[in-house]
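In our numbering, the protein residues as written are 3 to 214.
Cβ coordinates follow ideal geometry from the N, Cα and C atoms, glycine included.
Quick caveat: nothing in here was measured; it's all calculated off a predicted structure.
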Ligand code: HEM
């Protein structure tokens, strides 16, 4: 295998990579929709095994029964998302001179693999109860899975954005204060999402029946 030398990498705009990353990133919305659909229809345990679904990649009933369709299509779309992420990361690694971008691409691959494993553990550990929080280990993994999804989506969108022509050719100077404000907003938003994930996966949405 030939090694990419540092001199072969540049920061110039690459239309092929930019379009592939942009279209690949659109797929994440299909994937997340199917994940949310799985949770909303309570189909998370439609198949009790993983990585196969009832021991198959084409399990009977997945095109005719709603719960099986939700869960299996989510698993299939996640597999495709993993492959897309690997292609983007290898492409960036071989051609792009920006070290931070190559690191971000590697983080995306690690995140998508970890996310897949957490999704699998959500299923495999569903029967293990934790008395202290009165839920199953599987459900705790579902909460983590919902949070990690947000991190992964943002990581992927950042990769796609960094490959666009305006980002490369017309970088905007950013004041330190704006940068810090942006980071603070992201941390606050993520905290809110994490709380929402706990509420959603512990069915606490109507624990307080009045508003405000
Ligand atoms: C790799 C990329 C993946 C992403 C970005 C992703 C994302 C999501 C999202 C956003 C949800 C909805 C969470 C919610 O509504 O609170 C979800 C649910 C779910 N995902 Fe994934 N997922 C991925 C891979 C997988 C894989 C490989 C599995 C394998 C079993 C899996 C299993 C599940 C299950 C079982 C649920 C429903 C959890 C429940 O409601 O109990 N996911 N996923």
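- A residue is called buried when at least 16 other Cβ atoms come within 10 angstroms of its Cβ; residue 73 meets this threshold and is buried.
- Rounded to the nearest angstrom, the gap between the Cα atoms of residue 193 and residue 41 is 20 Å.
- Boundaries of the alpha helix (DSSP H) harbouring residue 178: 178 to 203, taken from the DSSP string.
- Ranked by how close their Cα comes to the Cα of residue 25, the residues 39, 37 and 86 have 86 in first place.
- When only Cα atoms are considered, residue 19 and residue 165 end up about 7 Å apart.
- Short note on residue 40: C-beta closer than 8 Å to some heavy atom of the ligand HEM.
- Counting the other CB atoms within 10 Å of its CB gives residue 27 a total of 16 or more, which places it among the buried residues.
- For residue 139 and residue 156, the gap between their C-alpha atoms comes out near 26 Å.
- At a cut-off of 8 Å, the beta-carbon of residue 104 does not count as near the ligand HEM: no heavy atom of the ligand is closer than that.
- Rounded to whole angstroms, the gap between the alpha carbons of residue 108 and residue 213 is 44 Å.
- Rounded to the nearest whole angstrom, the CA to CA distance from residue 57 to residue 51 is 7 Å.
- DSSP places residue 98 in the strand class (E or B) of the three-state scheme.
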